[in-house]
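Undergrad:
Number of protein chains: 2
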Amino acid sequence: MTVRPQARIAAALVCLLVTDVSLAKGRQHDPLPSWNEGAAKEALLTFVEAVTDESGKDFVPAAERIAVFDNDGTLWVEQPVYTQLTFVTDRVKEMAPEHPEWKTTQPFQGVIEGDMDAVTATGEQGMMELLMATHGGMTAEAYEDAVERWIATARHPRFDRRYTELVYQPQLELMDHLRAHGFKVFIVSGGGIQFMRPWADEVYGVPPEQVVGSSFVTTFELRDGEPTLVRQPQIRFIDDKEGKPVGIYEHIGRRPILAFGNSDGDLQMVQYTTAGEGPSLGLFLHHTDARREYAYDREGHVGVLDKSLDLAAEEGWVVVDMKKDWRVVFPK
Amino acid sequence: MTVRPQARIAAALVCLLVTDVSLAKGRQHDPLPSWNEGAAKEALLTFVEAVTDESGKDFVPAAERIAVFDNDGTLWVEQPVYTQLTFVTDRVKEMAPEHPEWKTTQPFQGVIEGDMDAVTATGEQGMMELLMATHGGMTAEAYEDAVERWIATARHPRFDRRYTELVYQPQLELMDHLRAHGFKVFIVSGGGIQFMRPWADEVYGVPPEQVVGSSFVTTFELRDGEPTLVRQPQIRFIDDKEGKPVGIYEHIGRRPILAFGNSDGDLQMVQYTTAGEGPSLGLFLHHTDARREYAYDREGHVGVLDKSLDLAAEEGWVVVDMKKDWRVVFPK
C-alpha cells in the first residue's frame, strides 16, 4: 500500500485544523478545572494564549517555550519535613543491620532510636553524614531500587497517603495545559535529581532527562567487566537559590519563559526567568491553607517564602494563594 | 466553531494511518541515501525496525529510545585539530587588544605570533591557560555571542568551508531517521557543552537541552540588578572517556539504546549503552578516507581509535568504514 502525496497533505491539513480548533481562544473547555476563577488563573491562561498566538506580538516559537517548576512545596507537599529527609531516616533504619556500628554512633543512633534531639544536636555535619550514608557509596541501580521501593510504600504522617498522591492536582493540570501548547516542562528542584527521576514521569509526566536537581559525584568503573556507575559520598552540585539558574544553564541551556516556585530557594530562578527579553511569567505558590494542606511563609525550617513575597508585586510575579486559588489540592 | 468528537477521532485515525504507512517496513524510500548498502547500513535499519515493531520481542517504548552521538569526528570533522581549539586560538587573537600583557606572555604570545612551537612548549599547563582565558571570566551571553560570531565565519584550512558545513551528511540522515522513529537524539561530547549549543539545533536538529558536554563552573549574581550567569575560569566537568556515562547519568538519567562514537574517548559510553538488558546498538566511525576526509585511527593527537577497534568484533559493535560505507561525506 502506498499513500499518494495529496492524501498525505489532506490528512495533514485535517490534523492542523483539529489542533487549531481545539486550542482556540474560546475556552469552551476549562483546561484548569481545579483552579478557581481569579487573577492567578487568568494570568496563566492569558500568558499561554499570548505566547502561542502566531499573529500576536508576544508569540514564542514552541522550541523556546521552556517552563520550569520547583518540586518541594510547588508540585508536592514539603511539610512537616522535606520528603527526601523522611527517605533518609527510613533508609538509615533499613540499612542499620549492615552497619552494627550505627547503634552507638550519632547521628545514626538517634535515627534508629527515634531520638530526634540527639540527631539535631549533631547539626549540619550530622545531617551531611546521614545524607552521604544513604545517597552515596552504592551503585546508581541500587540507589534507584531503594528510591522505588520506598516511594511505593512510604506514607505521609498526617494524610496517610503515599507521597506521590500528595502532589497538587492544579499543578498537574497546569503542566498538561502547558505541554498541550508546545511547552517543554522541566523540574528544577533543590532535591536530589536521582531521587525524583524514578517516579517523576509517571506522576508528573516529566521524563528523567527533564528533571534537574542536586547531585552526588558519580564515577564509572568496570566491575567484573560490567559497566557500573557508582555514587560517591560527595555532593556534586546543589540546585538551590543561586544554583537554580546555574542548573538551568547547564542542563537546559536556554532561559525559561515560565518559572513556578514557592520559596526563596526559587527566587533566583524566577528572577532569571523573568529577566528575559521576551514575554515571561514568574509565579510563587503561597501556602495559605492550614486546613487542606499547610499554612506557612516567612518563618520555619522548610520552604521559607519571605523576600520573594516582598518583591512579587514590584516585579510583576504572580502569587498563587492556595486557599483562594485552588478548588482542590490533591488528586482524588 | 466546535468540532464534534467523532470528527476529531476520524482525523486522529487519518493521522495515525499516514504515519503508519510512511513508517512501514517496505523501505520504499531509502531513509539513508548517503549510506552505501552493506553491513553497517543494514544493522542500523534493522535495529530501528526491531525496536519500533510493537509486536516484536525487541520492541522498546518510544520514551526509552535514547540515542547518543559523540560530536568531534562522529558528527563533524575533528582534523587537523579539534575545531574548538581553533576557536581558542582565534579567540586569543581577537581578545589580544584588551590584554596587552599577552604580547610578552606565553602561551599567548606564541598564539598571537603564530609560533606554535612556543605554545606547545608550555605543555598542558599552557593549553589550560588558553582555555581558561577564552572560555571563562565572561558572562554566559558574551561567550555565546563569541561562539556565534566565530562559527558563522571561521573556515576549515583544508576544505575552505565553514565548520558547520563539514558535518557528515550520512549522520544527518541517520539522526533524522531515528527521530522519525520516536528516538530522542542527544549529543554527548568531550567538547564544551556551551560551545555546541548555539548551533547544534540548526545544524543537527538537536536542541540545547539535548546537548551534553564538558563544562566550566558557572555562578549566578545580580549585576546592577540584572540576573547574570558568569563563567568562571575553572573546569566543572570533563565529558570524556569515563566521564561520558557519568554525563549521561547526570543529564539524561537513563541508559541509551544506541551510541555512536569514533574514538577511545567514546569507549565507555558505548560499553555502558550496550550493557543494557534490552536491545542496543554500539557503533564506531572509522576514518578511512584520506581523499574525501581523513584516514587515522590508532595513533595521533586527535581521535585515537585503538582499544575500541580491538574490542568491536567480540562486543558486537559496528565499525562504520567511512570510505566503504558512506556514499557522500559532506552535505552538498
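Protein chains in written order, with our numbering: chain A, 2 to 333; chain B, 2 to 333.
For each residue, glycine too, the CB sits at the ideal point set by N, CA and C.
1. Taking the alpha helix (DSSP H) that T154 (chain A) belongs to, which residues open and close that run?
2. Taking only beta-carbon atoms, is P234 (chain A) less than 9 Å away from chain B?
3. Taking DSSP as the reference, what is the three-state secondary structure of L312 (chain B)?
4. Strictly below 9 Å CB to CB, what residues from chain B border G192 (chain A)?
5. Decide if T219 (chain B) is buried, meaning its Cβ has at least 16 other Cβ atoms within 10 Å, or exposed.
6. Pick from A:E316, A:M197 and A:W36: whose alpha carbon is nearest that of V213 (chain A)?
7. Which residue wins for smallest C-alpha separation from L1 (chain B), given the options B:V148, B:Y273 and B:T289?
8. Please go through the same chain and pick out, in chain order, the residues whose beta-carbon is closer than 8 Å to the beta-carbon of R180 (chain B), but skip the five residues on each side of it.
9. Taking the continuous beta strand (DSSP E) assigned at K185 (chain A), which residues delimit it?
10. On the criterion of 16 or more Cβ atoms from any shown chain inside 10 Å, does P208 (chain A) qualify as buried, or is it exposed?
11. Is it buried or exposed, K325 (chain A), if we count other Cβ atoms within 10 angstroms and call 16 or more buried?
12. Using a Cβ-Cβ cutoff of 8 Å, what residues of the stretch 213-226 of chain B are near chain A? List them in chain order.
13. Run through DSSP, which three-state label would V15 (chain B) get?
14. Select from the stretch 243-254 of chain B all residues with a C-beta closer than 7 Å to any C-beta belonging to chain A, and list them in chain order.
15. Take every Cβ of the stretch 275-292 of chain B, pair it with every Cβ of the stretch 231-240 of chain B, and state whether three or more of those distances are shorter than 8 Å.
16. Is K308 (chain A) close to chain B, meaning its C-beta is less than 9 Å from at least one C-beta of that chain?
17. Assuming G74 (chain A) contacts G244 (chain A) under a Cβ cut-off of 8 Å, what Cβ separation, rounded to an integer in Å, is found between them?
18. Considering only C-alpha positions, which residue in the set A:N263, A:D307, A:I152 and A:V78 is nearest to F160 (chain A)?
19. Rounded to whole angstroms, what is the Cα-Cα separation between L310 (chain B) and A260 (chain B)?
20. Going by alpha carbons, who is nearest to M270 (chain A) out of A:D59, A:I67 and A:K42?
21. Specify, as a first and last residue, the run of the alpha helix (DSSP H) that P171 (chain B) falls within.
22. Looking only at C-alpha atoms, which of B:L312, B:K42 and B:L131 sits nearest to L175 (chain B)?
23. What does the alpha-carbon distance come out to for the pair W151 (chain B) and Q195 (chain B)?
24. Starting from R162 (chain A), find everything on chain B with Cβ-Cβ shorter than 9 Å and list it in chain order.
25. According to a CB-to-CB cut-off of less than 8 Å, which residues of the stretch 269-297 of chain B neighbour chain A?
26. So with CB distances below 9 Å, who are the chain B contacts of E210 (chain A)?
27. Assign L167 (chain A) to one of three DSSP states: helix, strand, or coil.
28. Use the C-beta contact count for T47 (chain B): other C-beta atoms within 10 angstroms, 16 or more gives buried, fewer gives exposed.
29. May I ask you to report which of helix, strand or coil DSSP gives R293 (chain A)?
30. Apply the 10 Å Cβ neighbour rule to V319 (chain A) and answer buried if 16 or more other Cβ atoms are within range, or exposed otherwise.
31. Going by beta-carbon coordinates alone, are T135 (chain A) and G127 (chain A) separated by less than 9 Å?
32. Can E222 (chain A) be considered in contact with the ligand ADP, in the sense that its beta carbon sits closer than 8 Å to one or more heavy atoms?
33. Which residue from B:F70, B:E55 and B:L284 puts its Cα closest to that of A63 (chain B)?
34. P34 (chain A) CB to nearest chain B CB: under 9 Å?
35. For A276 (chain A), does the three-state DSSP call read helix, strand or coil?
TA: According to the data block:
1. Taken as a continuous stretch (DSSP letters only), the alpha helix (DSSP H) holding T154 (chain A) covers A141 to T154.
2. P234 (chain A) does not count as touching chain B.
3. Note: L312 (chain B) maps to helix in three-state DSSP.
4. Simply none; closest approach about 14 Å.
5. Of the other Cβ atoms in all chains shown, 16 or more fall within 10 Å of the Cβ of T219 (chain B); this residue is therefore buried.
6. Cα-wise, what sits closest to V213 (chain A) is A:M197.
7. Residue 1 (chain B) falls outside the range modelled here, since chain B spans only 2 to 333, and no answer is possible.
8. Around R180 (chain B): V186 and G206.
9. Bounds of the beta strand (DSSP E) holding K185 (chain A) are K185 to G193.
10. So P208 (chain A) ends up on the buried side.
11. It counts as exposed.
12. Considering only beta carbons, the part of the stretch 213-226 of chain B lying closer than 8 Å to chain A consists of S216, T219, T220, F221, E222 and L223, in chain order.
13. Note that V15 (chain B) scores a pLDDT of 47, beneath 50, so its modelled location is shaky and nothing firm can be said.
14. For the stretch 243-254 of chain B, which is checked against every Cβ of chain A, the residues closer than 7 Å are E243, P246, V247, Y250, E251, H252, I253 and G254.
15. Contact between the stretch 275-292 of chain B and the stretch 231-240 of chain B is not established, with fewer than three Cβ pairs separated by less than 8 Å.
16. Residue contact check for K308 (chain A) against chain B: no CB pair falls below 9 Å.
17. At roughly 17 Å, the Cβ-Cβ gap does not stay under 8 Å, so G74 (chain A) and G244 (chain A) are not in contact.
18. Each of A:N263, A:D307, A:I152 and A:V78 was checked against the Cα of F160 (chain A), and the nearest Cα belongs to A:V78.
19. In a straight line, the C-alpha of L310 (chain B) is about 15 Å away from that of A260 (chain B).
20. For M270 (chain A), the nearest C-alpha among the options comes from A:I67.
21. It spans Q170 to A181 - the alpha helix (DSSP H) in which P171 (chain B) sits, taken as one unbroken run.
22. Closest in C-alpha terms to L175 (chain B), from the list B:L312, B:K42 and B:L131, comes B:K42.
23. W151 (chain B) and Q195 (chain B) have their C-alpha atoms spaced approximately 14 Å apart.
24. Those within 9 Å of R162 (chain A) in chain B number zero; the least Cβ separation is about 26 Å.
25. Of all residues in the stretch 269-297 of chain B, Q269, Q272, Y273 and A276 have a Cβ within less than 8 Å of some Cβ in chain A.
26. Ordered by position in chain B, the residues that pass the 9 Å Cβ test against E210 (chain A) are I67, K185, F187, E210, Q211, H252, I253, G254 and R255.
27. Note: L167 (chain A) maps to coil in three-state DSSP.
28. Label assigned to T47 (chain B): exposed.
29. Coil, per DSSP.
30. Label assigned to V319 (chain A): buried.
31. In this structure, G127 (chain A) does not lie closer than 9 Å to T135 (chain A) by Cβ.
32. Because no ligand of any kind appears in the structure shown, any question about the ligand ADP cannot be addressed here.
33. Per the Cα distances, B:E55.
34. Output row for P34 (chain A): interface = no.
35. A276 (chain A): coil per DSSP, three-state reduction.
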